[in-house]
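Peer 1: First the structure, which I've put down as structure tokens, then a few questions once you've had a look.
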Amino acid sequence: MSATIDRILSKAANGERITFDEGVELMACHDLHKLGRAAHAVTSRLHPEPYRTYNIDRNVNYTNVCAAVCDFCAFYRKNHDADAYVLSREELYQKIEETIALGGDQILMQGGMHPTLKLEWYEDLLRDLRSRFSSVNLHAFSPPEIWHFHKINKLPLEDVLRRLKAAGLGSIPGGGGEILVDRVRKELTKNKALTDEWLEVMRVWHRLGGKSTCTMMFGHIETAAERIEHLDRLRQLQDETGGFTAFICWTMQPGHKMADAPAAGSFEYLRVQAISRLYLDNIPNIQSSWVTQGAKIGQIALFFGANDMGSLMIEENVVASAGTVHYLTLEQIKASIREAGWVPRQRNVFYELIDERPPTAPTAAADRVGTTREVNHAESGRSLPVVN
Amino acid sequence: MDGRIRVGAVNYLNTKPLIEGLTTLAPEIELSLDLPSRLADRLADGDLDVGLIPVVEYFRAGRYTLIPDVSIASRGPVLSVTLFSRVPWAEIQSVALDVGSRTSAALAQILLRTKYGTRPQVQSLPIDIPADDIATDAVLLIGDRAMRACLPGFAFAYDLGQEWTDWTGLPFVYAVWAVRDGVDLGRAEGAFARAKEYGLARAGAIAAREAPHLGLDPGYCRRYMTNIIHYDLGPRELAGLEQYYAFARDLGLAPEGVSVVRYHRPDLVQSR
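Residue numbers (the UniProt record's numbering), protein chains in the order written: chain A, 1 to 388; chain B, 1 to 272.
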């Protein structure tokens, strides 16, 4: 067993693609250190740069009305529930203005699958926000929402996406992916895009020149092989389109309807993220999930395959309503990156660096090269922040 | 006594910050490294004066005192005390427990019986038996073994540090410096807390030195010591210790009537 795992890991670490069956073998391996080391080797090869990134955006849930009905979700409401809402334009403007004031460049706008709002409503919304906030990327509408627009408007998917793009849609978040295996999806959710539909939204969007992120939410009812099947579907689509900029995985947060589901903890999160880095050889970036894992594990995730600290979430509602959410300030995110031995850099969804004046110093790459905080700073000719 | 103070500790990555500077700070300390369960026996036999022993051994002896301010604890995930299972918690009917740490073995039983209400058959997993050969529903592994086990067929990996903190809201204390009754530490008394500060300040150097032997990334090793493991024994840790003792006692895993917080030289404990 161990020899097989070693062979698969060295293959992946050397940049060779691992097969589906090899992925399943890795998923059955709980050797956290071995998997982590191999994943870190891949990350170090793909990202030798002296920085690790983060972005600043705000997660705006424009409505909590949703027709999807997912077992794990504590956020959604029915249209006539007393606490159902659709945000007004004024509320949206205010949220975006606050985001810009905090240095943000993006709004992650997702809703429920609202049963009555028409495509024109979304186009108006995008156009309006686009014209008012031209510098802000509208990272919006997960594939299940877009599939839902396609169904209720009785319009071809491509038309829906073209129109949203023309109206100002900047990129698509990987939400609602959970596990892209229909057995799992059918058991967890009702009325929500199935695997091929989710992927088709991304495929068409990528063909139109769009970029998006992709995700995996695990630790519920899926098997180890189904996790690999999920990764495999993403890898295949990425081969075809190249449109995914980043992958993010997290464990399902128990505490609501699926309270009985076993909580996959940090050990499992780090293990699965490492395997994802090894399997997804064609997706350039992996974001750490400190929102669900907390700052300490979020930082350690940078040694288990992640090269990005994800987003300063100015607002988060969905994970929070399931009961578990961690908050970090921008300074804490930057400090986490710095403390781990890299320079923190702000990026956008396209992974372009967007900080006004990049920090000049490649911080003590102390830990990565195996030296210590007593690193010879004079050698680099700069005054470096002490990594501690 | 000839002035020597015989101190025993485990030689794991997570104990290094506590022992790194110990003999430099107190030259009268004679340090020996051993397995956790052996340390407890040697302390009981009078072969050691101070031992960094698993907390359940401290309860069982019931007559040791604590060095203040120092412990090995977690405040959430610990990554190295893991229950691997073929089935979810509530369905575990048989479990094999690593004999390497009786504290974690008792913690696993507390979680299984008190938190999840199961009554699994318990067997011990000897150090020399590979965990891969085990037929039970679940197996508890600690330390290197927990992080190095491949275990195909085990769909679940539960971090017991995280399970404890999610459940109780308290840190979990794994080991404490226990002093054998009647021992006078003299000037070495304060060395243990000072050694902790000394070791943590050198976590980077320790990580850089140890990582190659462990086959690990030094950056990860350092963060494991500084962010995952916590070395204080403050009010929250003591509350965690008391809570753990109460659960262990109720299940018959620790004797009745133990006064958990018995400081060695309470007059030296800093007020908080």
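Beta carbons: idealized from backbone N, C-alpha and C, even for Gly.
Every value quoted in this text rests on a predicted model; they were computed, and no experiment measured them.
#1: So, are the CB atoms of Ile142 of chain B and Ser101 of chain B less than 7 Å apart?
#2: How would you label Lys118 of chain A, buried or exposed, when you count the other beta carbons within 10 angstroms and need 16 or more for buried?
#3: Starting from the beta carbon of Gln299 of chain A, find every residue of chain B whose beta carbon is closer than 9 Å, and list them in chain order.
#4: Alpha carbon to alpha carbon, what distance is there between Tyr85 of chain A and Trp177 of chain B?
#5: Give me the Cα-Cα distance between Ile5 of chain B and Ala13 of chain A, rounded to the nearest whole angstrom.
#6: Grab me the residues of Asp98 of chain B's own chain with a C-beta within less than 6 Å of its C-beta, minus the 5 sequence neighbours each way, in chain order.
#7: Identify whether Ser2 of chain A lies in helix, strand or coil by the three-state DSSP scheme.
#8: Determine, using beta carbons only, whether residue 410 of chain A comes closer than 7 Å to chain B.
#9: Helix, strand or coil for Gly310 of chain A per DSSP?
#10: Identify the residues that DSSP records as bridge partners of Asn59 of chain A: which are they?
#11: Relative to the C-alpha of Glu226 of chain A, which candidate in A:Met202, A:Ala246, A:Thr195 has its C-alpha closest?
#12: Could you check whether the segment 67–74 of chain B touches the segment 203–220 of chain B, counting it as contact only if at least three pairs of C-beta atoms, one from each stretch, sit closer than 8 Å?
#13: Once the 5 residues before and after Ala155 of chain B are set aside, which same chain residues still bring their CB inside 7 Å of it?
#14: Of all the options A:Ala140, A:Leu188, A:Gln238, which has the alpha carbon lying nearest to the alpha carbon of His220 of chain A?
#15: Who are the neighbours of Gly23 of chain A on chain B, taking C-beta pairs under 7 Å?
#16: From Tyr245 of chain B to Ala340 of chain A, what does the alpha carbon distance come to, in whole angstroms?
#17: Tell me the rounded alpha-carbon separation between Ile206 of chain B and Leu216 of chain B.
#18: Is the CB of His47 of chain A under 7 Å away from at least one CB in chain B?
#19: Any Cβ of chain B within less than 7 Å of the Cβ of Ser276 of chain A?
#20: Cα separation between Leu129 of chain A and His114 of chain A?
#21: At a CB-CB cut-off below 7 Å, which residues of chain B make contact with Cys29 of chain A?
#22: Between Glu187 of chain A and chain B, is the shortest Cβ-Cβ distance under 7 Å, so that the two count as touching?
#23: Could you give the distance in angstroms between the alpha-carbon of Gly257 of chain B and the alpha-carbon of Gly62 of chain B?
#24: By alpha-carbon positions, which one of A:Arg45, A:Met27, A:Leu26, A:Arg52 ends up nearest to Leu353 of chain A?
#25: In the structure shown, what three-state DSSP assignment does Gln253 of chain A receive?
#26: What whole-angstrom Cβ distance do residue 389 of chain A and Gln273 of chain A have, given they're in contact under 8 Å?
#27: With three or more beta-carbon pairs closer than 8 Å as the criterion, would you say the segment 29–39 of chain A touches the segment 326–334 of chain A?
#28: Are the segment 155–165 of chain A and the segment 196–212 of chain A in contact at 8 Å, needing three or more beta carbon pairs?
#29: Give the single residue among B:Val173, B:Gly204, B:Met225, B:Gly190 whose Cα lies nearest to the Cα of Glu57 of chain B.
#30: Rounding to the nearest angstrom, what Cα-Cα distance links Arg203 of chain A and Thr215 of chain A in this structure?
#31: Please confirm if Asp217 of chain B has its CB atom under 7 Å from at least one CB of chain A.
#32: Using a beta-carbon distance below 7 Å, is Leu331 of chain A in contact with chain B?
#33: Using a Cβ-Cβ cutoff of less than 7 Å, which residues in the same chain neighbour Gln123 of chain B once the five nearest sequence positions on both sides are dropped?
#34: State the CB to CB distance for the pair Gly265 of chain A and Asp159 of chain B, rounded to an integer number of angstroms; the pair is presumed to be in contact (CB under 8 Å).
#35: Can you name the residues of chain A whose CB is closer than 8 Å to the CB of Leu79 of chain B?
#36: Indicate the three-state DSSP secondary structure (helix, strand or coil) for Ala188 of chain B in the structure shown.
Peer 2: Taking the definition as stated:
#1: Position 142 of the second sequence holds residue 142 of chain B. Position 101 of the second sequence holds residue 101 of chain B. Taking 7 Å as the Cβ cut-off, Ile142 of chain B and Ser101 of chain B qualify as a contacting pair.
#2: Numbered from its first residue, the first sequence carries residue 118 of chain A at position 118. When all chains shown are included, Lys118 of chain A counts as exposed.
#3: Counting from 1 along the first sequence, the entry for residue 299 of chain A is found at position 299. By Cβ distance, chain B contributes Arg223, Asn227.
#4: Residue mapping note: residue 177 of chain B aligns to position 177 of the second sequence, counting from 1. Residue mapping note: residue 85 of chain A aligns to position 85 of the first sequence, counting from 1. Roughly 56 Å separates the two Cα atoms.
#5: As a first step, residue 5 of chain B must be located in the second sequence, where it is residue number 5. As a first step, residue 13 of chain A must be located in the first sequence, where it is residue number 13. The alpha-carbon atoms of Ile5 of chain B and Ala13 of chain A are separated by roughly 48 Å.
#6: Taking the first residue of the second sequence as position 1, residue 98 of chain B is located at position 98. Closer than 6 Å at the Cβ level, and outside the excluded window around Asp98 of chain B, lie Leu125, Leu140, Leu141, Ile142.
#7: Position 2 of the first sequence, counting from 1, holds the residue named residue 2 of chain A. Three-state DSSP puts Ser2 of chain A in a helix.
#8: Here chain A comprises residues numbered 1 to 388, so residue 410 of chain A is not present and cannot be evaluated.
#9: As a working note, residue 310 of chain A is residue 310 in the first sequence. Three-state result, Gly310 of chain A: strand.
#10: In the first sequence, the residue the question calls residue 59 of chain A occupies position 59. BP columns for Asn59 of chain A point to A:Leu108.
#11: For the purposes of this step, residue 226 of chain A is taken as the residue at position 226 of the first sequence. Closest by alpha carbon: A:Thr195.
#12: no
#13: Counted from its first residue, the second sequence places residue 155 of chain B at position 155. Cβ neighbours of Ala155 of chain B beyond the five flanking positions: Arg86.
#14: Here residue 220 of chain A is taken as the residue at index 220 of the first sequence, counted from 1. The option with the nearest alpha carbon to His220 of chain A is A:Leu188.
#15: Taking the first sequence and counting its residues from 1, the one referred to as residue 23 of chain A is at position 23. Neighbours of Gly23 of chain A on chain B: none; closest Cβ ~13 Å, over 7 Å.
#16: Position 245 of the second sequence, counted from the first residue, corresponds to residue 245 of chain B. Position 340 of the first sequence, counted from the first residue, corresponds to residue 340 of chain A. Near 36 Å, if we compare the C-alpha coordinates of Ala340 of chain A and Tyr245 of chain B.
#17: Locating residue 206 of chain B in the second sequence gives position 206, where the first residue counts as 1. Locating residue 216 of chain B in the second sequence gives position 216, where the first residue counts as 1. Whole-angstrom Cα-Cα distance: 13 Å.
#18: As a first step, residue 47 of chain A must be located in the first sequence, where it is residue number 47. No - not a single Cβ of chain B is within 7 Å of the one on His47 of chain A.
#19: Taking the first sequence and counting its residues from 1, the one referred to as residue 276 of chain A is at position 276. So, not an interface residue.
#20: As a working mapping, residue 129 of chain A is identified with position 129 in the first sequence. As a working mapping, residue 114 of chain A is identified with position 114 in the first sequence. Their backbone Cα atoms lie some 20 Å apart in a straight line.
#21: Residue mapping note: residue 29 of chain A aligns to position 29 of the first sequence, counting from 1. Here the neighbours are Cys150, Pro152.
#22: The residue given as residue 187 of chain A occupies position 187 in the first sequence. Not closer than 7 Å to any Cβ of chain B, the Cβ of Glu187 of chain A fails to qualify, so no.
#23: Here residue 257 of chain B refers to the residue found at position 257 when the second sequence is read from its first residue. Here residue 62 of chain B refers to the residue found at position 62 when the second sequence is read from its first residue. Rounded to whole angstroms, Gly257 of chain B to Gly62 of chain B spans 9 Å at the Cα level.
#24: As a working note, residue 353 of chain A is residue 353 in the first sequence. Of A:Arg45, A:Met27, A:Leu26, A:Arg52, the residue nearest in Cα terms is A:Arg52.
#25: Numbered from 1 along the first sequence, position 253 holds the residue referred to as residue 253 of chain A. Note: Gln253 of chain A maps to coil in three-state DSSP.
#26: Nothing can be reported for residue 389 of chain A: it is not among the residues displayed for chain A, which extend from 1 to 388.
#27: no
#28: yes
#29: Looking up residue 57 of chain B in the second sequence gives position 57. Taking only the C-alpha atoms, the option nearest Glu57 of chain B is B:Val173.
#30: Here residue 203 of chain A refers to the residue found at position 203 of the first sequence. Here residue 215 of chain A refers to the residue found at position 215 of the first sequence. C-alpha separation (whole angstroms): 15 Å.
#31: One-based indexing of the second sequence puts residue 217 of chain B at position 217. Interface residue, yes.
#32: Residue numbering aside, residue 331 of chain A sits at position 331 when the first sequence is read from its first letter. Per the sequence presented here, residue 331 of chain A reads as Glu, with Leu not at that position. No - not a single Cβ of chain B is within 7 Å of the one on Glu331 of chain A.
#33: Residue mapping note: residue 123 of chain B aligns to position 123 of the second sequence, counting from 1. Around Gln123 of chain B: Ala96, Thr136.
#34: What you label residue 265 of chain A is simply residue 265 of the first sequence in a count that begins at 1. What you label residue 159 of chain B is simply residue 159 of the second sequence in a count that begins at 1. Confirmed, Cβ separation roughly 4 Å.
#35: Taking the first residue of the second sequence as position 1, residue 79 of chain B is located at position 79. In chain order: Leu32, Ser266, Phe267, Leu270.
#36: As a position in the second sequence, residue 188 of chain B is number 188, starting the count at 1. Residue state, collapsed to three classes: helix.
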